[in-house]
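K.L.:
Just so you know, full-length UniProt numbering puts the end of the sequence shown at 757, numbered straight through with nothing missing. Even for Gly, the Cβ is constructed at its ideal location relative to N, Cα and C. This one's a predicted model, so the numbers in the text were calculated from it and none came from an experiment. This is the structure I want to talk about, given as structure tokens.
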Amino acid sequence: MEIHARLIRFGLLKAPDFRNHLVNLYSKCRFFVYARKLVDESPEPDLVSWSALISGYAQHGLGREAILAFEEMHFLVVMPNEFSLSSMINTCASLGDGGQGSKIHGYLIKLGYESDPFSANALVDMYAKVGNLEDAVAVFKEINRPDIIAWNAVIAGCVLHEHHDLALKLFREMKSSGTYPNMFTLSSALKACAGMGIKELGRQLHSSLIKMDVKWDYVVGGGLVDMYAKCDSMDDSRLVFDLIPEKDLVAWNALISGYSQNGEDREAVSLFPLMYREGVGFNHTTLSVVLKSIASLQAIDVCKQVHALSIKSGFESDNYVVNSLTDTYGKCGHVKDATTIFKEFAVVDLMAFTSMIAAYVQDGQGEEALKLYLEMQDREIKPDSFVCSSLLNACANLSAYEQGKQVHVHLIKLGFMSDTFAGNSLVNMYAKCGSIDDADRAFSEIPVRGIVSWSAMIGGLAQHGHGKDALQLFNQMLKDGVSPNHITLVSVLCACNHAGLVNEAKQYFQSMEKLFGIQPMQEHYACMIDLLGRAGKLDEAMELLNTMPFQANASVWGALLGAARIHKNIELGQHAAEMLFALEPNKSGTHVLLANIYASVGMWENVAMVRRLMKDSKVKKEPAMSWVEVKDKVYTFIVGDRSHARTDEIYAKLDELRDLLNKAGYVPMVEIDLHDVERSEKEQLLYHHSERLAVAFGLIATPPGATIRVKKNLRVCIDCHEALKFISKVVSREIIVRDINRFHHFKDGLCSCGDYW
């Protein structure tokens with residue numbers, strides 16, 4: 001500035017050279033007010049002044065100012081040269097402005113500078129960074145002898161936009177051309193290997209880096225850690241990490257992410273405090289990855305600590321961190337905390353809605369999930385396939401058939417029908433809503449059926465009592481070359497169970513390990529013991545239990561208790577109940593089943609004893625509840641419910657049904673009622689069971705002939721099962737009831753289960 005003052009004093013500022021030098025000096029020192037003033041005060045600013053100003057703007061991140069200056073220069077008919085054009089191309093690259101970059105490319109061609117190596121390299125870099133790889137490669141191919149800068153630009157661009165296969169193809173072409181890769185090239189190639197999971201090539205690149213004997217910077221060290229992690233080689237990833245002399249945030253994040261992605265969540269979480277103590281710091285990526293692993297571990301206390309640290313460190317308003325916290329609290333079953341974060345956070349985006357909807361669905365709050373989806377639509381936030389899949393799962397849990405169909409329509413409109421994940425959820429939803437035909441249609445439309453698709457359909461057929469169809473589909477799956485997993489085989493055994501196919505179940509169970517390499521787990525043993533017990537083969541069931549290679553869990557003993565109830569085997573029932581009291585002391589179902597066994601043989605003193613035991617143990621019986629869907633809304637009923645707005649009509653319909661059923665030959669099974677009251681009162685109690693209230697409401701609230709769909713949280717009782725068969729006949733309706741075990745399709749006085757459930 002002193003020199004500038006002297007030039008003014010001596011009258012030398014009019015000389016173009018001095019003026020240009022000053023513009024260049026002020027631009028490089030970020031004194032753009034002075035640089036711009038010099039250009040504006042010049043009678044005819046030349047190309048050198050404009051280039052210095054534009055270059056200064058570009059180098060200091062003032063891209064928009066650089067573009068405005070370039071346009072003004074062009075307006076004043078000052079022709080740019082290759083240097084000013086290269087600066088402009090770099091500016092467009094940093095701004096991600098491909099449209100303006102294409103205009104500059106046009107100037108290059110028009111002015112004959114397209115063969116200039118600096119300009120060509122800048123064009124390749126610009127097109128690659130804005131995502132126009134086709135033009136980047138086209139410009140690159142026109143370079144006569146591309147140097148390492150050009151190769152690096154096009155390869156890095158491919159990696160940036162996840163065209164990893166093209167990046168590695170160009171990398172091979174570069175080596176064939178005789179151009180030796182440098183550290184930047186190898187770093188890009190490592191990212192491509194990580195993206196494609198190609199460990200062997202990654203090892204070769206690692207060797208090349210060692211041979212180059214260069215000092216590893218954070219890009220190379222972190223890149224190697226990331227590459228090995230994404231190639232499922234965490235031992236190598238950790239080894240490289242330990243060898244890095246100065247570990248930065250990138251390397252730590254790469255290692256923690258690797259452990260998390262490879263299912264080693266405990267290791268991922270334990271690294272975080274170590275990283276914090278090292279003073280490296282952390283960012284939103286670190287917190288999001290750690291929270292993901294915390295969710296998998298269900299470590300709610302650790303989640304709260306990370307939450308507190310996020311607030312303390314100023315991340316409480318970061319989208320990624322807040323959404324991760326919502327997701328983690330939801331997956332840990334703390335939906336109230338998840339809701340608080342969701343509602344208090346100002347910016348609510350697709351990720352936030354996705355996490356919250358998934359939390360509600362996982363917690364069994366399907367209605368809240370569907371309400372949130374309506375709010376999402378009001379905010380005009382377009383759902384993705386994962387949101388739709390979560391909503392389908394909500395409808396499945398609620399047995400909300402009509403609402404499930406509406407979500408299906410949204411899937412079609414949004415173009416997600418080719419999404420396998422959404423297709424699987426659609427099969428599951430229709431199967432759990434009682435429409436196995438719709439489930440079959442959805443299954444047939446899945447473009448690529450994986451094991452989840454097949455398992456969902458086989459499980460659906462099994463639940464609906466189509467045992468032989470389920471086994472035929474299983475055989476078709478094997479013919480198509482899809483190997484079963486342990487869930488598929490549970491569905492196969494359940495199909496045999498619901499259809500009473502004892503011999504077939506034995507064959508599948510005994511050949512699991514030999515044919516499919518799957519050792520029977522608790523679920524498989526529970527299915528087999530339940531099947532043998534239902535078939536009256538109690539000795540075989542006990543023998544199988546005694547030969548299990550591990551201690552039987554509650555599901556196994558529960559299956560045995562259920563078999564004892566069916567066959568009124570008091571000794572076996574008592575033994576199974578004692579084991580269940582030890583395993584699940586607070587579960588009321590064990591007490592109820594044991595009391596039912598005693599009641600079935602008239603041992604009322606023992607029934608009273610079980611009731612006293614429940615009272616002394618402070619075990620509360622789970623209330624029987626039934627749900628029915630009418631006009632897109634789900635209604636809930638409990639025994640003797642009188643809270644509904646149409647209660648009088650519901651009970652009037654029940655009285656009407658009682659007369660019709662009595663005329664049709666129905667006789668109430670009062671012996672199953674455990675209350676010590678008169679027969680007439682027992683009949684009244686049976687008539688007011690929750691599933692009958694739901695059916696009665698369905699009859700008065702839906703048009704004649706419409707199917708009534710009911711869901712119950714417990715097993716449908718024997719008397720209700722018999723009554724519903726009669727009701728389906730006298731009212732000429734199909735009634736579909738989904739209880740805790742399976743589906744019952746009541747039609748024309750018969751049930752699809754064949755009275756075997």
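1. Which ranges would you report for the alpha helix (DSSP H) in the segment 89 to 163 if only whole runs of at least 4 residues count?
2. 8 Å is my cut-off, CB to CB: does N424 come that close to chain D?
3. Residue range of the beta strand (DSSP E) that E629 falls in?
4. Hey, D232 and N253: beta-carbon distance below 8 Å or not?
5. Please look up how many angstroms separate the CB atoms of S399 and K747, rounded, as I've assumed it's under 8 Å.
6. Going by beta-carbon coordinates alone, are A595 and V619 separated by less than 8 Å?
7. Between A431, F315, E278, G221, which has its C-alpha nearest V250's C-alpha?
8. Name the two residues that bound the continuous beta strand (DSSP E) containing I518.
9. Smallest Cα separation from G404: which of P549, G366, E380?
10. Taking V387 and I357 to be in contact with their CB atoms under 8 Å, please state how far apart those CB atoms are, rounded to whole angstroms.
11. Since I believe T702 is in contact with E734 (beta carbons under 8 Å), could you give me their beta-carbon distance rounded to a whole number of angstroms?
12. Quick one, which of K568, N569, H567, G533 has its alpha-carbon nearest V556's?
13. Measure how close the beta-carbons of L561 and A576 come, nearest whole angstrom, since I'm counting them as under 8 Å.
14. From N741 to Q463, what distance separates their C-alpha atoms?
15. For A505, which residues in the same chain have their Cβ closer than 6 Å to its Cβ, ignoring the five residues on either side in sequence?
16. Mapping the DSSP letters down to three states, classify F746 as helix, strand or coil.
17. Are the beta-carbon atoms of V601 and F697 separated by less than 8 Å?
18. Going by other Cβ atoms of all chains shown within 10 Å of its Cβ, with 16 needed for buried, is A645 buried or exposed?
19. Tell me where the alpha helix (DSSP H) around F31 begins and ends.
20. Q204 to M528, Cα distance in whole Å?
21. Residues in its own chain within less than 6 Å of M429 by CB, not counting five upstream and five downstream?
22. Is the beta carbon of K621 closer than 8 Å to that of S643?
23. Tell me whether the beta-carbon of G434 lies closer than 8 Å to the beta-carbon of S453.
24. Which residues in the same chain have their Cβ closer than 6 Å to the Cβ of M548, if we skip the five residues on either side of it in sequence?
25. Pairing CB atoms from the segment 80 to 92 with CB atoms from the segment 101 to 110, are three or more of them under 8 Å?
26. Return the chain-ordered list of same chain residues with a C-beta closer than 8 Å to the C-beta of M417, the five sequence neighbours on each side being excluded.
27. Kindly give me the distance between the Cβ atoms of S425 and S389, rounded to whole angstroms, as I take these residues to be in contact under 8 Å.
28. Where do the ends of the alpha helix (DSSP H) carrying K292 lie?
29. Answer with buried or exposed for A664, where buried requires no fewer than 16 other C-beta atoms within 10 angstroms of its C-beta.
30. According to DSSP, simplified to helix, strand and coil, what is I198?
31. Throw me the rounded Cβ distance for the I458 and A442 pair, which I believe falls under 8 Å.
32. Use the C-beta contact count for S55: other C-beta atoms within 10 angstroms, 16 or more gives buried, fewer gives exposed.
33. Taking DSSP as the reference, what is the three-state secondary structure of Y635?
34. Confirm, please, whether the CB-CB distance from M227 to L190 is below 8 Å.
P.N.:
Walking through what the data contain:
1. 98 to 111, 117 to 129, 133 to 142, 148 to 160
2. Here chain D cannot be found, since the structure has a single protein chain.
3. 625 to 630
4. no
5. 18 Å between Cβ atoms; not a contact.
6. no
7. G221
8. Element bounds for I518: n/a, residue is neither H nor E.
9. G366
10. 6 Å
11. Wrong, their Cβ atoms sit about 12 Å apart, outside the cutoff.
12. G533
13. 4 Å
14. 8 Å
15. L493, C496, L531
16. strand
17. no
18. exposed
19. Looking at the DSSP string, F31 is not in any alpha helix (DSSP H), and its letter there is neither H nor E.
20. 52 Å
21. L392, C395, A396, G404
22. no
23. no
24. Y525
25. yes
26. L411, G423, E445
27. 4 Å
28. 284 to 297
29. exposed
30. coil
31. About 14 Å; that fails the 8 Å criterion.
32. buried
33. strand
34. yes
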